[in-house]
Each structure stands twice: as C-alpha cells, then as structure tokens.
Amino acid sequence: MPVAAETSACRDSKIFFVIPIQQVGYTTLTTQRDVKEAQVNPTTLIIPGLNGSGPDHWQSVWERERDDCRRVVQAHWNDPKPDAWCAQLEDAVAGVTGPVVLVAHSLGCATVVHWAAHTTLRSTRIAALLVAPCDVERPDAPPSVQRFAPLPAIALPFASVVVASRDDVYATPARSRCLADGWGSTFVDAGALGHINAASALGTWEFGQVLLDELRARVRHDGVRHRRAAALRTASFAPFGSPCADVTARPVPEVRESARP
C-alpha cells in the first residue's frame, strides 16, 4: 500500500507525493515510528517571572491540575540573573524526553528568549507560550529586571505565541506587539487583563489552556513532519548511480490531491 509523505513546500497546495513501500525500504519503519511519536504526550514546562508565581497564579493552577506540567525552579526568585535562570531552563529542557512546550510569564518570557539565543540544544519539537512579556528596557523597570536588557533581536527557532493585555503596566500593547513581531511569534490580544497574573484572578484561565493545547498538538507532530520531509528529499533527489540509488532515487511515480490532515 502506498504511503503518503508530506513536504513543507507542498503543504499549502495540499499536494502529497506517494511513494510505494517497495521503493523506500524504510517507509514502513518510519511510519510506525511516526505513529509512536505522535502519541507521545508533550511536557509543559512552567517558567514564572520575578518572585515566582504564587498559589493563585494561573501557572500554579495549571501545575496543580494538569499532569503534563512541571515547574522550572529558580534558586533565587527575587534576585534574577540571566545566566543562572537560562542555565536552569537549559537543564530542564535537556531533562525532558520528547516534545516540550514552554509556558512563560513576564520575566520568564525574557528568560526564554535569552535561552533560545544561546542554547546548544537542537530540537524541532519545542514550542512556547509567552504570556505578558515584560518590557525589560523600560526606564522604570527595577534594576533586577533591567539585567535582562537588551533582549536578543532574534526570531525564535520554534513556534511561539505571545499573549498580551491591553492594560499591562509592565508593557504597552504596542511594545508587546513589537516583541512578538521580532520573535516571529503569533500575537494574541487577550483584552484588558492587567499583567495576566494572580491579581487578574483568572483561575484556570481556560482561554490560555486552549492556546497551550493548540501548541501541544502542533509540537507533537512537528518531528513527524520534519522527518517525512527529509525522507522525501532523500527519495526524490539522491543522485542516480549513488550507493542508495536503487532504494531511494527512483522518480516519484504518482502525484495526487489530498486534504491537509
């Protein structure tokens, strides 16, 4: 039976190349691995900001009520140092087997961005929900927060969503949108929710959980998509006469239309 392999170039046009199993000897194994990896439950790493997140903070509520959540614990919540906080995040991500979704709040968002600019970890199965990122460069920011300035001017190497409030005293809506644009993040206007913290009295914050679950679904399948695309590139473009040409270099025999999964 043919096995469909999706490529990023064809995803938008809804075209799938079909490679018979006998032409790509490892396709059956890859498909079984895809199914297994797609069933892996992503780990959600909770990354609080300055002073941590108290028991009434939505991050703490999620941690109590969701089995997938675990907290990145900093040694000094009230004395943040970028290097130390990033090192803790690096250790936490490295300690996870499988996909990861980072859920950061306030100064935790700055930590994620600094970490992303310097991490030695490489994975296609990371995503981030960045809630109420504080403007570490504002003149009235506490000295401990200004340690994180300037923020790296990078596009994040993974899918990300920035959620901002219209009346956040720690970052204007315009600044929040500017940060999202610079990071290549999807921007979500959450309305007037203050700093989206414990004082916002959000409880379980169901809207935030919807965003989280969307990212979890996406990161669960990202590794599968990347591997399928790599397998197709090998099958389509290995030069004839190469050692693997008899297995992977035959022309793709069929093109068909298929709805995007």
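The sequence shown maps to residues -11 to 249 in this note's numbering.
In this text, a Cβ means the ideal position worked out from N, Cα and C, and glycines have one as well.
Note that this is a predicted model, so its numbers are computed, not measured.
By how many angstroms is the C-alpha of Asp156 removed from the C-alpha of Ala183? Checking the displayed sequence, the identity of residue 183 turns out to be His instead of Ala. Their backbone Cα atoms lie some 5 Å apart in a straight line.
Please check the pair Val150 and Ser132, which I expect to be a contact at CB under 8 Å, by giving their CB distance rounded to whole angstroms. Rounded, the Cβ-Cβ distance is 22 Å, inconsistent with contact.
Compute the distance between the beta-carbons of Gly83 and Ala186, then report whether it is under 9 Å. No; because the gap between Cβ atoms is not below 9 Å, this pair is not in contact.
Leaving out five residues on either side along the sequence, give the residues of the same chain with a beta carbon under 8 Å from the beta carbon of Glu125. Apart from sequence neighbours up to five positions away, the residues of its chain that approach Glu125 with a beta-carbon distance below 8 Å are Gln134, Ala137, Pro138, Leu139, ordered along the chain.
Based on Cα-Cα distance, which residue from Pro70, Trp171, Gly37, Thr112 lies nearest to Arg204? Taking the Cα of Arg204 as reference, the smallest distance to any Cα among Pro70, Trp171, Gly37, Thr112 is reached at Thr112.
Consult DSSP for Val100 and reduce its assignment to one of helix, strand or coil. In this structure, Val100 counts as helix in the three-state DSSP scheme.
Return helix, strand or coil for Arg204, following the three-state DSSP convention. Judged by DSSP in its simplified three-state form, Arg204 adopts helix.
In three-state terms, what does DSSP make of Ala218? Low local confidence applies: a pLDDT of 44 at Ala218 is under 50, so the model's placement there is unreliable, with the coordinate-based value given in what follows. Three-state DSSP puts Ala218 in a helix.
Are the CB atoms of Ala143 and Ala152 nearer to each other than 9 Å? Judged by beta-carbon spacing, Ala152 lies beyond the 9 Å limit of Ala143, meaning their Cβ atoms are not closer than that value.
From which residue to which residue does the beta strand (DSSP E) around Ser148 run? First-last of the beta strand (DSSP E) with Ser148: 147 to 152.
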